[in-house]
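Protein chains in written order, with the numbering used here: chain A, 60 to 590; chain B, 6 to 210.
For each residue, glycine too, the CB sits at the ideal point set by N, CA and C.
First comes the structure, then the notes that go with it.
This is the structure we're talking about:
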């Protein structure tokens, strides 16, 4: 060992430091080894001082150490060695057997009368930090994996529900269509009563399916509100009309109160607003046997751009206890499960209302007293037109009810019905023939294209999901034909999602009817496109 | 203080050599090709710092700095955009955990990367200028480089009237990372550097 003017004795103070302290000279010989390093490694100072460090710690032979330590020996800037890159500078274990993780600094210490410096290495044990961090990393990875699995499951569930809804709607089309047709035949009073009840039940079932579909869309974040201009009065008229018969049937009075400051023209989603109001009004009618139901509309806040409106539906029905009110807006929850038997319903309605109201930046609440009645109220935000008095722009809505002579004008029109399901063929064919139309059938898209090439049609009703060639492809092929360029093609499908309608339009279709086919809607569509 | 064309060319040449060494050290570390821009050397007034660093005006840069003093005083710094900093750590140690944030462990890793590059740069520069320098340990700061380096006009309302600001930008195409190397010489030793640099430059020519 070369003798050095930098006496190792002056380093013994470092025996009292709770960090590893190591002094090296230019040829990598150990000059000092403190008490802490003895404890970590079990190597006594006298066992290592005077020897090259790589005898005990071969990693010091690596270029990452030697080249950078040479910079320090020549008086250069200090070098740092991080725990992530090196993990262990001095290889030794913790008492529990896990590797002791360290980081280190190497600083040049000038030596009197010599050009080369010594390197003072301070080695800091960061095992606890690293191991805790690794534990959190593991937990984080597990949480991320669990979150992804949960999201995947939700997506799967939503897709499943959307598909199921399609599968259920197809036979429902047959049930509703067939009962509708049967009700128009000669029946004795008993048969008519049975069929009316079957038709009513099928419609109710369809409502439940729509609820489930809505909820799955909300949960999947797929439900987006429209922002169209509408007349508030139109919405209120239509919802009141919808429940008026039922209310009258039970001897209930249905009243509307409207404060003067409520703006008439709003921008928002009239369909979803109606859905919430109809739900609350239907509940009010369902749970009241006497008295009155009051629908109140007030403006809570108004400025140039928007309005916060408050709607409330009060009844004089059976009412609820505080406990029953508490869980009311949760999915699948009903105030009293036994009411399901008496009053029906899935328990989805109010949770859908809550979600819809929240999408409208509002909130919903209930006040109720057993035997006195309930009052549901919700707030919702709408944008306002620049000028409230300006007439609303024309809306893309369901076609309006046809004029009686319009029915005359479509008589004798030739329709091509493209549909693979036999029962649905029969339902649609009968409905169309009843209106005085001539109907040809095609069982798939390929046959439809062939039929269009041969025969002149006034309109095509096109199913989407079919064997061999689906409705989208058939439409594109028909549009490619000279005689098919202007031919009205209306999709007729159990796909009830808004995106499905868009797909139909993108494929070149003119309209979109959702199964089960509503006879009025069918007629309105015919009048619009066959005139 | 004047800054002649000769002095400017001389210091640019020296810095170019030193930056080359720094890039080589980064190349060794990452095993990937480093592209360097030609260094810019500017004598700037405190009021001009923000202009000189105009494309480093962002509060999220990862900065590893080492101060030096003795015959010359100043700061050398490795400046990385946050995504580049995280990418370098990922490349070096395979750490992909919550890539949004830097924790103390990863700051340690960046300190080592900065230390390697800055030591290579300053080792060459100090040797070429034949000036003994005393260095601090590297320290890490996240923020706007002007603030981190104390170059804000408000902070610089001190005695200093000008600084020599040297800057090179680099890219590592293989890892889609980039960054800047900065060296700031504070006023005290400026004349010494310039005289020394011009002498060496004349010899090189």
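Next item on the list: Count the other CB atoms, across all protein chains shown, that sit within 10 Å of the CB of residue 140 of chain A; report buried if there are 16 or more and exposed otherwise.
Entry: With 16 or more other Cβ atoms within 10 Å, it is buried.
Next item on the list: Please work out which residues of its chain come closer than 7 Å, Cβ to Cβ, to residue 320 of chain A, disregarding the five sequence neighbours upstream and downstream, and give them in chain order.
Entry: 358, 361
Margin query: Helix, strand or coil for residue 104 of chain B? Go by DSSP, reduced to three states.
Written below: Its pLDDT being 49, under 50, residue 104 of chain B is placed unreliably in this model, and the value from its coordinates should be taken loosely. It is coil, neither helix nor strand.
Check: Roughly how many angstroms lie between the CA atoms of residue 456 of chain A and residue 570 of chain A, to the nearest whole one?
Finding: Residue confidence for residue 456 of chain A is low, a pLDDT of 39 falling below 50, so the modelled location carries little weight; the figure read from the coordinates is stated next. Whole-angstrom Cα-Cα distance: 11 Å.
Checklist line | Within 7 Å of chain B by C-beta, residues of the region 178–193 of chain A in sequence order | finding: 188, 189, 192
Next item on the list: Give the single residue among A/72, A/378, A/370 whose Cα lies nearest to the Cα of residue 345 of chain A.
Entry: A/378
Next item on the list: Anything in the region 153–164 of chain A with a Cβ closer than 8 Å to a Cβ of chain B? List those residues in chain order, please.
Entry: 162, 164
Check: Is residue 146 of chain A helix, strand or coil by DSSP?
Finding: Reduced to three states, the DSSP call for residue 146 of chain A is coil.
Notebook entry, point to check: In terms of residues, what are the limits of the alpha helix (DSSP H) holding residue 118 of chain B?
Noted result: 109–134
Notebook entry, point to check: Span of the alpha helix (DSSP H) holding residue 71 of chain A?
Noted result: Counting along the chain, residue 71 of chain A falls outside any alpha helix (DSSP H), and DSSP gives it neither H nor E.
Note to self: Tell me which residues of the region 136–148 of chain A have at least one Cβ-Cβ distance to chain E shorter than 8 Å, keeping chain order.
What the structure shows: No chain E appears in this structure, whose protein chains are A and B.
Check: Does any CB atom of chain B fall closer than 8 Å to the CB of residue 130 of chain A?
Finding: yes
Checklist line | Reference residue 139 of chain B; option with closest CA among A/198, A/207, A/218, A/167 | finding: A/167
Next item on the list: Output, in chain order, the set of chain B residues within a Cβ distance shorter than 8 Å of residue 127 of chain A.
Entry: 121, 124
Next item on the list: Give me whichever residues DSSP pairs with residue 75 of chain B in a beta bridge.
Entry: B/138
Next item on the list: Let me know if residue 69 of chain A comes out buried or exposed under the rule of 16 or more other beta-carbons within 10 Å of its beta-carbon.
Entry: exposed
Note to self: If we define contact as Cβ-Cβ less than 8 Å, is residue 129 of chain B a contact residue for chain A?
What the structure shows: So, not an interface residue.
Check: Which residues in the same chain have their Cβ closer than 7 Å to the Cβ of residue 149 of chain A, if we skip the five residues on either side of it in sequence?
Finding: 79, 96, 99, 100, 116, 161, 182
Next item on the list: Compute the Euclidean distance between the alpha carbons of residue 43 of chain B and residue 58 of chain B, then round it to the nearest angstrom.
Entry: Taking the straight line joining both Cα atoms gives about 16 Å.
Next item on the list: Using 7 Å as the cut-off, classify the Cβ of residue 522 of chain A as near or not near the heavy atoms of the ligand COA, replying yes or no.
Entry: The ligand COA is not among the ligands present in this structure, which contains no ligands whatsoever.
Notebook entry, point to check: With 8 Å set as the bound, which would you pick, yes or no: does the beta-carbon of residue 75 of chain B sit closer than that to a beta-carbon of chain A?
Noted result: no
Margin query: Give me the residue from A/299, A/544, A/264 with the minimum Cα distance to residue 566 of chain A.
Written below: Nearest to residue 566 of chain A by C-alpha distance, out of A/299, A/544, A/264, is A/544.
Notebook entry, point to check: Which whole-angstrom value is the C-beta distance of residue 169 of chain B and residue 48 of chain B, which I expect to be below 8 Å?
Noted result: 6 Å
Check: Hey, is the region 409–421 of chain A in contact with the region 268–283 of chain A, meaning 3+ C-beta pairs nearer than 8 Å?
Finding: yes
Notebook entry, point to check: Where does residue 168 of chain B fall in DSSP's three states?
Noted result: strand
Check: Does residue 114 of chain B get closer than 8 Å to chain A when you measure Cβ to Cβ?
Finding: yes
Check: Looking at the structure shown, is residue 442 of chain A part of a helix, part of a strand, or coil, going by DSSP?
Finding: Strand.
Item checked: Inter-stretch contact (C-beta, 8 Å, three-pair minimum) for the region 222–240 of chain A and the region 470–489 of chain A -> Note that the region 222–240 of chain A touches the region 470–489 of chain A; at least 3 beta-carbon pairs, one per stretch, sit closer than 8 Å.
Check: Of all Cβ atoms in chain A, is any one closer than 8 Å to the Cβ of residue 190 of chain B?
Finding: no
Margin query: Does any residue of chain A have a CB that is nearer than 8 Å to the CB of residue 177 of chain B?
Written below: no
Item checked: Residues that DSSP places opposite residue 573 of chain A in a beta bridge -> Under the DSSP definition of a beta bridge, residue 573 of chain A partners with A/552.
Check: Got a sec, what are the start and stop residues for the beta strand (DSSP E) residue 82 of chain A sits in?
Finding: 79–83
Next item on the list: From the DSSP output, in three-state form, read off residue 540 of chain A for me.
Entry: Coil.
Item checked: Contact list for residue 117 of chain B against chain A, beta-carbon separation under 9 Å -> 138, 139, 140, 141, 143, 144, 145, 162
Note to self: Given a cut-off of 8 Å on the beta-carbon distance, is the pair residue 185 of chain A and residue 142 of chain A in contact?
What the structure shows: yes
Margin query: Out of B/183, B/146, B/176, B/121, which one is the CA nearest neighbour of residue 33 of chain B?
Written below: Checked all of B/183, B/146, B/176, B/121; the closest Cα to residue 33 of chain B is B/121.
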